[in-house]
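Undergrad:
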Ligand code: NAD
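In our numbering, the protein residues as written are 15 to 490.
(1) Quick check on the burial criterion: 16 or more other C-beta atoms within 10 angstroms. Buried or exposed for residue 488?
(2) Taking the Cβ atom as the reference point for each residue, do residue 231 and residue 339 lie within a distance shorter than 8 angstroms?
(3) Could you give the residue range of the alpha helix (DSSP H) that holds residue 304?
(4) Out of curiosity, what's the CA-to-CA distance linking residue 172 and residue 199?
(5) The alpha helix (DSSP H) spanning residue 258 covers which residue range?
(6) Going straight from the alpha carbon of residue 15 to that of residue 351, what length do you get?
(7) With distances taken Cα to Cα, identify the nearest neighbour of residue 150 among 406, 54 and 450.
(8) Where residue 57 and residue 50 are concerned, what is the direct C-alpha to C-alpha distance, given to the nearest angstrom?
(9) Could you have a look at residue 117 and say whether DSSP puts it in helix, strand or coil?
(10) Using a 10 Å radius around the Cβ and a threshold of 16 neighbouring Cβ atoms, would you call residue 315 buried or exposed?
(11) Starting from residue 60, follow the beta strand (DSSP E) in both directions and report where the run begins and ends.
(12) If you reduce the DSSP assignment to three classes, tell me which class residue 34 lands in.
(13) At a cut-off of 7 angstroms, is residue 165 close to the ligand NAD when judged by its beta-carbon and the heavy atoms of the ligand?
(14) Which whole-angstrom value is the C-beta distance of residue 7 and residue 323, which I expect to be below 8 angstroms?
(15) How many whole angstroms separate the CB atoms of residue 118 and residue 82, which I take to be in contact at a CB cut-off of 8 angstroms?
(16) Under the rule that 16 or more other beta-carbon atoms within 10 Å means buried, what is residue 85, buried or exposed?
(17) Kindly examine the ligand NAD and report whether one of its heavy atoms sits closer than 7 angstroms to the Cβ of residue 381.
(18) Comparing alpha-carbon positions, which option in 27, 247, 78 and 421 lies nearest residue 52?
(19) How do the stretch 218-226 and the stretch 446-453 stand: do at least 3 beta-carbon pairs fall below 8 angstroms, yes or no?
(20) Do you know offhand how far residue 295's Cα is from residue 250's?
(21) Got a sec: does the ligand NAD put a non-hydrogen atom nearer than 7 angstroms to the Cβ of residue 271?
(22) How far does the beta strand (DSSP E) with residue 274 in it extend, from its first residue to its last?
(23) Go ahead and label residue 104 buried or exposed: buried means 16 or more other beta carbons lie within 10 angstroms of its beta carbon, across all protein chains shown.
(24) Given that a residue counts as buried once 16 or more other Cβ atoms are within 10 Å of its Cβ, and exposed if not, what is residue 537?
(25) Going by C-alpha distance, which of 124, 281, 157 and 167 is nearest residue 190?
(26) Under a three-way DSSP split, which group does residue 330 fall into?
(27) Over the uninterrupted alpha helix (DSSP H) stretch that includes residue 471, give me the two end residues.
(28) Taking only three categories from DSSP, how would you classify residue 142?
(29) Quick check: the Cα distance between residue 59 and residue 66, rounded to an integer number of angstroms?
(30) Just checking: is the beta-carbon of residue 124 within a distance shorter than 8 angstroms of some beta-carbon in chain B?
(31) Under three-state DSSP, which class holds residue 308?
(32) Residues in its own chain within less than 7 angstroms of residue 481 by CB, not counting five upstream and five downstream?
(33) Less than 8 angstroms between C-beta atoms, sequence neighbours within five positions excluded: which residues of the same chain meet that for residue 181?
(34) Would you be able to state if there are at least three C-beta pairs under 8 angstroms between the stretch 402-409 and the stretch 264-272?
(35) Would you tell me roughly how many angstroms separate the C-alpha atoms of residue 126 and residue 206, rounded to the nearest one?
The structure is reproduced here in structure tokens:
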């Protein structure tokens with residue numbers, strides 16, 4: 015970075031992009047074509063609430079249409095603005111390319127604090143926003159497919175899907191207009207947890223490759239690693255829960271809007287989550303030390319730092335003080351381009367957002383395919399698979415009898431082996447495969463090229479190359 019001024023989110027994404035394309039040999043002009051955001055639509059609409067007409071401002075940005083539909087979440091936050099939505103849309107293009115989800119990049123946002131409205135009001139606002147976008151094909155199963163993001167979830171996606179269906183009564187694929195829906199409204203098992211689950215799979219894959227672990231100055235596996243997480247929302251909660259309950263990691267710090275909780279022996283993530291649901295924040299949680307200045311905890315000693323709240327939290331003001339051996343960007347853009355330079359110098363390994371939080375869009379892709387095929391995954395094969403496994407178990411039981419005490423089947427083998435995979439297991443398997451493959455594609459570039467200093471650059475190189483190939487195949 016030549017300037018010492020903190021770049022905006024949009025500038026950060028462009029700087030990271032530029033750093034990667036400088037190493038590529040793209041045809042003249044193609045670099046700019048890929049980098050720029052194709053279109054951003056701003057909508058201002060009124061909703062009558064509490065006797066007044068309240069005007070809301072929303073955006074839907076389409077970054078790249080090299081593949082359609084374009085895909086990207088809808089965020090509800092007071093911080094939403096054009097720069098942010100465009101940066102997030104660009105990240106979606108690179109993310110989809112990296113995990114080979116056949117989509118272009120898009121993103122939407124509504125400038126609103128959802129906590130200020132009750133459920134009925136939020137439904138009115140969401141339906142009106144969806145109407146404004148759908149009538150311009152900015153929500154459409156074959157053109158533009160939103161998903162949840164910060165401040166939105168299954169409930170909002172169900173309202174959007176229903177609003178689209180009301181406006182397109184004969185569209186047999188209407189449900190595929192949005193992903194992240196509840197199961198009863200055409201959703202898929204495992205979507206709510208998908209982004210956090212993807213963070214877990216990403217870390218597992220990282221720890222399977224000793225070169226990267228060594229670069230971070232760490233050893234061993236996830237077991238016993240000290241983890242600090244910022245943001246115990248959808249992504250942060252699931253990531254921290256799975257890492258602590260299934261991989262033996264210790265959550266030593268949880269940072270939220272109202273401070274942070276600390277405990278070197280590990281914090282019970284589920285208990286904190288339940289506390290937040292009940293009390294609206296982590297203040298007062300009895301089983302860990304509470305500190306008021308949450309953001310300062312980002313600089314505490316730990317092995318793995320998981321920013322899972324919002325962008326720009328690790329910046330030129332605090333990067334030098336970061337003590338984590340590695341950072342996994344569960345949020346989008348939590349490390350600014352300026353901080354990225356400082357952390358690289360310090361030897362902190364960063365697993366970048368375009369890979370780390372791609373679990374959400376990956377399972378959204380499965381949901382979209384499920385909606386278009388109008389059938390639940392596993393419905394055709396499951397029982398047939400079980401019948402074939404039964405044949406093997408029958409033979410083993412015969413052998414068991416024949417061999418007597420000399421050999422016997424492991425007690426729960428029969429039960430585990432007989433059961434055919436249901437939708438959740440298939441989704442997890444597909445997500446795991448995607449996260450492993452994408453990591454390996456970045457890892458190969460990172461370790462085979464001297465001029466590629468980090469995983470972010472490697473991720474951008476793989477993603478931009480795929481987008482460029484797609485444009486070239488179209489004759490551009
Ligand atoms: P969310 O709204 O469910 O959770 C965000 C959490 O962060 C909340 O608990 C909130 O209280 C907390 N938070 C907000 N401001 C904070 C601050 N200043 N300090 C500490 N905590 C703060 O949102 P989410 O869906 O979990 O998204 C979080 C991040 O992950 C965003 O960057 C989003 O773009 C990214 N992401 C989400 C998904 C998804 O599937 N939901 C997919 C990919 C990326």
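Every residue, glycine too, gets a C-beta built ideally from N, C-alpha and C.
TA: Taking the definition as stated:
(1) As a working mapping, residue 488 is identified with position 474 in the chain shown. Counting Cβ neighbours within 10 Å, residue 488 comes out exposed, since fewer than 16 surround it.
(2) Reading the chain shown from its first residue, position 217 is the one you call residue 231. Reading the chain shown from its first residue, position 325 is the one you call residue 339. Their beta carbons are under 8 angstroms apart, which means residue 231 touches residue 339 by this criterion.
(3) Residue numbering aside, residue 304 sits at position 290 when the chain shown is read from its first letter. First-last for residue 304: 303-305, but that is the beta strand (DSSP E), not the alpha helix (DSSP H).
(4) Residue numbering aside, residue 172 sits at position 158 when the chain shown is read from its first letter. Residue numbering aside, residue 199 sits at position 185 when the chain shown is read from its first letter. Their Cα atoms are separated by approximately 6 angstroms.
(5) Residue 258 sits at position 244 when you count from the first residue of the chain shown. First-last of the alpha helix (DSSP H) with residue 258: 248-260.
(6) The residue labelled residue 15 in the question sits at position 1 within the chain shown. The residue labelled residue 351 in the question sits at position 337 within the chain shown. Note that residue 15 scores 42 on pLDDT, short of 50, meaning its location in the model is unreliable; the coordinates nonetheless yield the value given after this. Computed Cα separation, rounded: 8 angstroms.
(7) Position 136 of the chain shown, counted from the first residue, corresponds to residue 150. Considering only alpha carbons, the answer is 54.
(8) Here residue 57 refers to the residue found at position 43 of the chain shown. Here residue 50 refers to the residue found at position 36 of the chain shown. Whole-angstrom Cα-Cα distance: 21 angstroms.
(9) Here residue 117 refers to the residue found at position 103 of the chain shown. It is coil, neither helix nor strand.
(10) To locate residue 315, count along the chain shown from 1; it is residue 301. Exposed.
(11) Translated into the one-based positions of the chain shown, residue 60 becomes position 46. 53-63 is the extent of the beta strand (DSSP E) around residue 60.
(12) For the purposes of this step, residue 34 is taken as the residue at position 20 of the chain shown. Residue 34: helix per DSSP, three-state reduction.
(13) As a position in the chain shown, residue 165 is number 151, starting the count at 1. Yes, the ligand NAD has a heavy atom inside 7 angstroms of this Cβ.
(14) Residue coverage of the chain in this structure runs from 15 to 490, which leaves residue 7 outside it and unanswerable.
(15) Indexing the chain shown from 1 puts residue 118 at position 104. Indexing the chain shown from 1 puts residue 82 at position 68. Between residue 82 and residue 118 the Cβ distance is about 6 angstroms, and since that is below 8 angstroms, they are a contact.
(16) Within the chain shown, the letter at position 71 stands for residue 85. Classification of residue 85: buried, given that the 10 Å Cβ count is 16 or more.
(17) Walking along the chain shown from the start, residue 381 turns up at place 367. In terms of side-chain proximity, the C-beta atom of residue 381 is found no nearer than 7 angstroms to any non-hydrogen atom of the ligand NAD.
(18) As a first step, residue 52 must be located in the chain shown, where it is residue number 38. If we check each option's Cα against that of residue 52, 78 comes out closest.
(19) Enough Cβ pairs lie closer than 8 angstroms, so yes.
(20) By one-based count along the chain shown, residue 295 stands at place 281. By one-based count along the chain shown, residue 250 stands at place 236. Going by the C-alpha atoms only, they are around 14 angstroms apart.
(21) Reading the chain shown from its first residue, position 257 is the one you call residue 271. Because some heavy atom of the ligand NAD lies under 7 angstroms away, the Cβ of residue 271 counts as near it: yes.
(22) Taking the first residue of the chain shown as position 1, residue 274 is located at position 260. Unbroken beta strand (DSSP E) run through residue 274: 273-276.
(23) Here residue 104 corresponds to residue number 90 of the chain shown, with the count starting at 1. The residue is buried, with at least 16 neighbouring Cβ atoms inside 10 Å.
(24) No answer is possible for residue 537: the residues shown for the chain start at 15 and end at 490.
(25) As a working mapping, residue 190 is identified with position 176 in the chain shown. Closest option to residue 190, Cα to Cα, is 157.
(26) In the chain shown, the residue the question calls residue 330 occupies position 316. Residue 330: coil per DSSP, three-state reduction.
(27) Counted from its first residue, the chain shown places residue 471 at position 457. 469-487 is the extent of the alpha helix (DSSP H) around residue 471.
(28) Along the chain shown, read from residue 1 onward, the residue named residue 142 stands at position 128. Helix at residue 142.
(29) Here residue 59 refers to the residue found at position 45 when the chain shown is read from its first residue. Here residue 66 refers to the residue found at position 52 when the chain shown is read from its first residue. Their Cα atoms are separated by approximately 13 angstroms.
(30) Included in the structure is just one protein chain, with no chain B present.
(31) Position 294 of the chain shown holds residue 308. Residue 308: helix per DSSP, three-state reduction.
(32) Counted from its first residue, the chain shown places residue 481 at position 467. Answer for residue 481: 48, 78, 80, 107 and 111, listed in chain order.
(33) Position 167 of the chain shown, counting from 1, holds the residue named residue 181. 145, 148 and 149.
(34) Counting Cβ pairs under 8 angstroms, fewer than three are found: no touch.
(35) The residue you call residue 126 lines up with position 112 of the chain shown. The residue you call residue 206 lines up with position 192 of the chain shown. Residue 126 and residue 206: Cα-Cα distance of roughly 22 angstroms.
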